[in-house]
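Asks: Quick one: the structure is below, and I'll ask about it shortly.
Number of protein chains: 2
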Amino acid sequence: MNFELSTRMGAVDSSAVAEILKSSVSPDVISLAGGNPDPALFPNDELADIAGEILRKMPIQSLQYGKTEGYPQLIEKIAERLSRVEGIDCSNDSIIITAGATQAIELTTKVLINEGDTVIAENPSFLGAFNAFRSYGANIIGIDMHDDGMDLDALEKAIQENENVKMLYVIPSFQNPMGTTMSLEKRKALYEIIRKYKLVTIEDNPYGDLTFDGERVPTLKSMDTEDLIVYCGSFSKIVAPGLRVGYALCNKELAENISAAKQLADVHSPLLPQIMVSDYMEKYDLDELIDKMRHTYAHKCRTMLDAINEYFPEGVTCTKPNGGLFIWCDLGHGIDTYALAKKASEHKVSFVPGNVFMVDSAKKTSTLRLNYSTMSDENIVEGIKRLGALIKSEI
Amino acid sequence: MNFELSTRMGAVDSSAVAEILKSSVSPDVISLAGGNPDPALFPNDELADIAGEILRKMPIQSLQYGKTEGYPQLIEKIAERLSRVEGIDCSNDSIIITAGATQAIELTTKVLINEGDTVIAENPSFLGAFNAFRSYGANIIGIDMHDDGMDLDALEKAIQENENVKMLYVIPSFQNPMGTTMSLEKRKALYEIIRKYKLVTIEDNPYGDLTFDGERVPTLKSMDTEDLIVYCGSFSKIVAPGLRVGYALCNKELAENISAAKQLADVHSPLLPQIMVSDYMEKYDLDELIDKMRHTYAHKCRTMLDAINEYFPEGVTCTKPNGGLFIWCDLGHGIDTYALAKKASEHKVSFVPGNVFMVDSAKKTSTLRLNYSTMSDENIVEGIKRLGALIKSEI
Chain A
1 MNFELSTRMG
11 AVDSSAVAEI
21 LKSSVSPDVI
31 SLAGGNPDPA
41 LFPNDELADI
51 AGEILRKMPI
61 QSLQYGKTEG
71 YPQLIEKIAE
81 RLSRVEGIDC
91 SNDSIIITAG
101 ATQAIELTTK
111 VLINEGDTVI
121 AENPSFLGAF
131 NAFRSYGANI
141 IGIDMHDDGM
151 DLDALEKAIQ
161 ENENVKMLYV
171 IPSFQNPMGT
181 TMSLEKRKAL
191 YEIIRKYKLV
201 TIEDNPYGDL
211 TFDGERVPTL
221 KSMDTEDLIV
231 YCGSFSKIVA
241 PGLRVGYALC
251 NKELAENISA
261 AKQLADVHSP
271 LLPQIMVSDY
281 MEKYDLDELI
291 DKMRHTYAHK
301 CRTMLDAINE
311 YFPEGVTCTK
321 PNGGLFIWCD
331 LGHGIDTYAL
341 AKKASEHKVS
351 FVPGNVFMVD
361 SAKKTSTLRL
371 NYSTMSDENI
381 VEGIKRLGAL
391 IKSEI
Chain B
396 MNFELSTRMG
406 AVDSSAVAEI
416 LKSSVSPDVI
426 SLAGGNPDPA
436 LFPNDELADI
446 AGEILRKMPI
456 QSLQYGKTEG
466 YPQLIEKIAE
476 RLSRVEGIDC
486 SNDSIIITAG
496 ATQAIELTTK
506 VLINEGDTVI
516 AENPSFLGAF
526 NAFRSYGANI
536 IGIDMHDDGM
546 DLDALEKAIQ
556 ENENVKMLYV
566 IPSFQNPMGT
576 TMSLEKRKAL
586 YEIIRKYKLV
596 TIEDNPYGDL
606 TFDGERVPTL
616 KSMDTEDLIV
626 YCGSFSKIVA
636 PGLRVGYALC
646 NKELAENISA
656 AKQLADVHSP
666 LLPQIMVSDY
676 MEKYDLDELI
686 DKMRHTYAHK
696 CRTMLDAINE
706 YFPEGVTCTK
716 PNGGLFIWCD
726 LGHGIDTYAL
736 AKKASEHKVS
746 FVPGNVFMVD
756 SAKKTSTLRL
766 NYSTMSDENI
776 VEGIKRLGAL
786 IKSEI
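Below is the structure:
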């Protein structure tokens, strides 16, 4: 039996996902390809106490069907924290709890995008978002990136020249895969463009809390006088991803439609993980936990940048992230990193080739993404050393 | 700002969902409108022990990112149980863990249905499935129901007369909302039609374990020599719905596509609830728990049927379920149950009017759905008494 699949799913680039997943198969390969947070930082003992107590004391709230929009106390705590930490006033908007920021992006797309509509995005960007857009038949236009964020002239040109431009997708802070942060000046200018064209914009901010020096550039959502920003957040990188707790914050009317889409997608997110995150925020100091993560990742990133400085050949350029989980390198020298990734496994190191994050993933590129969050210092240095030797052998 | 929503979501009937949800607002109203399992049967203390132990002993497996298709041990246990209890050989198929059977239905639809395709379904049926089909632009054709399942002549006629018939959706055991079960004879004849037209069929079986007398009519999946059945199961009604653990069992190639759709929808289902269900099956006797549920619901259903017999006027017909959570009544006498539902709240009782479960929900109907799973015997009797008095006053 050959199944006749929907055309929308035919546009999804699932081979690229497989590319990332298969990259760390063998235990003697040092993987710089991942995107996982450091499991040593998971507050698992505290969560164990919390989970047991919830199930014993709140069996109905944790095990019965719940509200589609999510556990009310968690929603309140997210609103309070966004106001305190990011200066976002949530009082006129609604928050919907989702399965990570990923589901927030997917549901927003389902609610807004018709087949043939155009979504504009940073290029490179998060592959999961590209696939979500494609899975609803969207045409994606990628905008080139500078160190301080997307090229705004190119953005405005793309808005003017493409038909049915319906949505913009950006990761302003510690971007995946580049690790770069959009400057405040550029955010202000970007919001003016968003406002001028009334362009609904997904601001994806899963890494914003992982600022190395504590600096936070104001979010687009904090400037959103026109109700155009759908802000997507997540506890995946600041508590634990296996809980799958994220959220969308947006205009109430749009939120009702996202909620209707979530209702038929999964009824609601499991309650236990939602209450666990809420109770963790109640009983422990989430900001203290985040501080530990910030310092750990700042150290690992510095370790990797120092190793790159020592072991990579001249002519290779890399971003210098101020937060998040990723460094982006351009090897130059006409190297095709997709081909290089296959050779890398023989050299017992892996990375994700840059083409995977590009709108046009078939085009050759000399770029790649490196991750430093889960490894020991020794393995970061050894991995970069192996990769440096491989790159040198290619030049 | 007025958001321009996608046309696909415009077809979703979310007002009907709201209708069900708002039905039990006031505490002095006896709600026969729900669909929740009895929370007194949740094994919350056992789950509390299990959850604490998992988080303490398996922090990475429970809190890090996991596999999109689900926790491998749970998948194994589901395959073993389906083989043992339902006679389904899973060895040539794949199982994907989903957020309840609901997500299994939604993802299968996303993968198979193009806008304008036709999905055929029992009429009445599960509203969540109808909304999932509509949210991908499907045209739904409803097939009238008899006490032993759908009208197969009408089904074959619908397959022949409609264009782009792509999928069939059925709940053969203890159907929602009717409580009826498709006979073995009809299942065999239905599978012949499915085979003849190579019609991919979602067999939704969330209630199959809740058989009052222990009898299980063989599933369509157990007859599926042609790889055409996508079997959707769930732990919502046999462990707890708040955990959101369900699954799809289907052909490996189709499963890979469902997995790709799940990857971009939510990456994977939260791991803790998956491991909790798996460990519960390992350490406790799930069949013993299900036996308790079966007996409880059998008793409650009998209590409700006895009360209906006593308090409803002549001319009202009701189904006599052999399992599940629902009784379906036809009040006759030209009564419009949608209008009656509004009056019912004044009489301190609620139910779901039948139109909510119909493909054409705007059409008047004298049918309604009653639920007995969460109430005390006293409230079941009192609720039916109040409803009986109201019906009598309408005739």
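So the protein lines, in turn, are chains A and B.
Position one of the first sequence corresponds to residue 1 (our numbering), numbered consecutively onward.
Position one of the second sequence corresponds to residue 396 (our numbering), numbered consecutively onward.
Beta carbons are placed, not taken as given, at the ideal position from N, Cα and C, and that holds for glycine.
(1) Drop a sphere of 10 angstroms on the beta-carbon of I395 of chain A, count the other beta-carbons inside from all chains shown, and report buried for 16 or more, exposed for fewer.
(2) Give the list of continuous alpha helix (DSSP H) stretches no shorter than 4 residues that lie fully inside the region 110 to 159 of chain A.
(3) Starting from V85 of chain A, trace the alpha helix (DSSP H) both ways and give me its first and last residue.
(4) Tell me which residues share the same chain as G179 of chain A and place their Cβ nearer than 7 Å to its Cβ, disregarding the 5 neighbours each side in the sequence.
(5) Are the C-beta of Q73 of chain A and some C-beta of chain B separated by less than 8 Å?
(6) Using a Cβ-Cβ cutoff of less than 6 Å, which residues in the same chain neighbour Q468 of chain B once the five nearest sequence positions on both sides are dropped?
(7) Here's a check: name, in chain order, each residue in its chain whose Cβ is nearer than 6 Å to the Cβ of S578 of chain B, leaving out the five neighbours to either side.
(8) Less than 8 Å separating the beta-carbons of V407 of chain B and S530 of chain B?
(9) Report the start-end ranges of each beta strand (DSSP E) in the region 719 to 758 of chain B that is 3 residues or longer and not cut off at the edges.
(10) Give me, in chain order, the residues of the same chain whose beta-carbon lies closer than 6 Å to that of F630 of chain B; leave out the 5 immediate sequence neighbours on both sides.
(11) Using alpha carbons as the reference points, say which of A:I171, A:N162 and A:I78 lies closest to P124 of chain A.
(12) Should I508 of chain B be flagged as near chain A, meaning a C-beta pair shorter than 8 Å?
(13) When DSSP builds the beta bridges, which residues end up paired with D204 of chain A?
(14) In angstroms, rounded to a whole number, what distance separates the CA positions of Y297 of chain A and D377 of chain A?
(15) Using alpha carbons as the reference points, say which of A:A51, A:A121 and A:C301 lies closest to D360 of chain A.
(16) Quick one, which of B:A474, B:T493 and B:K780 has its alpha-carbon nearest D484 of chain B's?
(17) Mind checking the region 267 to 294 of chain A against chain B and listing, in chain order, the residues whose C-beta falls within less than 9 Å of any C-beta there?
(18) Touch check for the region 285 to 295 of chain A and the region 206 to 221 of chain A: three-plus C-beta pairs under 8 Å?
(19) State yes or no: is the C-beta of G332 of chain A within less than 8 Å of the C-beta of S366 of chain A?
(20) Closer than 6 Å by C-beta to N750 of chain B: which residues in its own chain qualify, once you throw out the five before and the five after it? Chain order, please.
(21) Taking CB distances under 8 Å as the criterion, tell me whether I455 of chain B reaches chain A.
(22) Does DSSP put D93 of chain A in a helix, in a strand, or in coil?
(23) What is the rounded straight-line gap between the Cα of M145 of chain A and the Cα of M618 of chain B?
(24) Short check: CB of D599 of chain B to CB of F521 of chain B, under 8 Å?
(25) Verify the CB distance criterion: does G332 of chain A have a CB-CB separation below 8 Å to chain B?
(26) Report the option in A:I95, A:E192, A:C232 and A:I275 whose CA atom is closest to the CA atom of P206 of chain A.
(27) What residues in its chain sit with their C-beta under 6 Å from that of I407 of chain A, if we drop five residues either side in the sequence?
(28) Does the separation of the CB atoms of G537 of chain B and G511 of chain B fall below 8 Å?
(29) Output, in sequence order along the chain, the residues in the region 84 to 108 of chain A whose CB is closer than 9 Å to any CB in chain B.
(30) Taking 8 Å as the threshold (beta carbon to beta carbon), is G128 of chain A in contact with chain B?
(31) Alpha carbon to alpha carbon, what distance is there between Y280 of chain A and R451 of chain B?
(32) Within 10 Å of its beta-carbon, does Q555 of chain B have 16 or more other beta-carbons around it, so buried, or fewer, so exposed?
Replies: According to the data block:
(1) Taking the first sequence and counting its residues from 1, one reaches residue 395 of chain A at position 395. Result: exposed.
(2) 127 to 134
(3) Translated into the one-based positions of the first sequence, residue 85 of chain A becomes position 85. Unbroken alpha helix (DSSP H) run through V85 of chain A: P72 to E86.
(4) The count along the first sequence starts at 1 and reaches residue 179 of chain A at position 179. For G179 of chain A, where only same-chain residues beyond five positions count, the Cβ hits under 7 Å are T319, P321, G324, F326, I327 and W328.
(5) Position 73 of the first sequence holds residue 73 of chain A. Not an interface residue.
(6) Indexing the second sequence from 1 puts residue 468 of chain B at position 73. Counting only Cβ-Cβ distances below 6 Å, and skipping sequence neighbours, we find S673.
(7) Indexing the second sequence from 1 puts residue 578 of chain B at position 183. Excluding sequence neighbours, S578 of chain B sits near D543.
(8) The residue you call residue 407 of chain B lines up with position 12 of the second sequence. The residue you call residue 530 of chain B lines up with position 135 of the second sequence. In contact: V407 of chain B and S530 of chain B (Cβ atoms closer than 8 Å).
(9) 721 to 725
(10) Against the second sequence, residue 630 of chain B aligns to sequence position 235. Cβ within range, chain order: V640 and V672.
(11) Here residue 124 of chain A corresponds to residue number 124 of the first sequence, with the count starting at 1. Looking at the Cα atoms, A:I171 is the closest of the given residues.
(12) The residue labelled residue 508 of chain B in the question sits at position 113 within the second sequence. Yes - at least one Cβ of chain A is within 8 Å of the one on I508 of chain B.
(13) The residue labelled residue 204 of chain A in the question sits at position 204 within the first sequence. D204 of chain A is bridged to A:C232.
(14) Counting from one through the first sequence, the residue named residue 297 of chain A turns up at place 297. Counting from one through the first sequence, the residue named residue 377 of chain A turns up at place 377. Approximately 11 Å between the Cα atoms of the pair.
(15) Taking the first residue of the first sequence as 1, we reach residue 360 of chain A at position 360. Nearest C-alpha to D360 of chain A: A:A121.
(16) In the second sequence, residue 484 of chain B corresponds to position 89, counting from 1. When each option's Cα is compared against that of D484 of chain B, the closest is B:A474.
(17) V267, H268, S269, P270, L271, L272, P273 and M276
(18) yes
(19) Numbered from 1 along the first sequence, position 332 holds the residue referred to as residue 332 of chain A. Numbered from 1 along the first sequence, position 366 holds the residue referred to as residue 366 of chain A. Yes.
(20) Here residue 750 of chain B refers to the residue found at position 355 when the second sequence is read from its first residue. Contacts found: Y733, S756 and T760.
(21) In the second sequence, the residue the question calls residue 455 of chain B occupies position 60. So yes, I455 of chain B belongs to the interface.
(22) Working through the first sequence from its first residue, we reach residue 93 of chain A at position 93. Three-state result, D93 of chain A: strand.
(23) Within the first sequence, the letter at position 145 stands for residue 145 of chain A. Within the second sequence, the letter at position 223 stands for residue 618 of chain B. Between M145 of chain A and M618 of chain B, the C-alpha separation is close to 55 Å.
(24) To locate residue 599 of chain B, count along the second sequence from 1; it is residue 204. To locate residue 521 of chain B, count along the second sequence from 1; it is residue 126. Yes; because the gap between Cβ atoms is below 8 Å, this pair is in contact.
(25) What you label residue 332 of chain A is simply residue 332 of the first sequence in a count that begins at 1. So, not an interface residue.
(26) The residue you call residue 206 of chain A lines up with position 206 of the first sequence. For P206 of chain A, the nearest C-alpha among the options comes from A:C232.
(27) As shown, chain A starts at 1 and ends at 395. That puts residue 407 of chain A outside it, with no answer to give.
(28) In the second sequence, residue 537 of chain B corresponds to position 142, counting from 1. In the second sequence, residue 511 of chain B corresponds to position 116, counting from 1. Taking 8 Å as the Cβ cut-off, G537 of chain B and G511 of chain B do not qualify as a contacting pair.
(29) T98, A99, G100, T102, Q103, I105, E106 and L107
(30) Sequence index remark: in the first sequence, residue 128 of chain A carries index 128 (1-based). Chain B, which has a Cβ nearer than 8 Å to the Cβ of G128 of chain A, makes this yes.
(31) Position 56 of the second sequence, counted from the start, is the residue given in the question as residue 451 of chain B. Position 280 of the first sequence, counted from the start, is the residue given in the question as residue 280 of chain A. Taking the straight line joining both Cα atoms gives about 16 Å.
(32) Translated into positions along the second sequence, residue 555 of chain B becomes position 160. Counting Cβ neighbours within 10 Å, Q555 of chain B comes out exposed, since fewer than 16 surround it.
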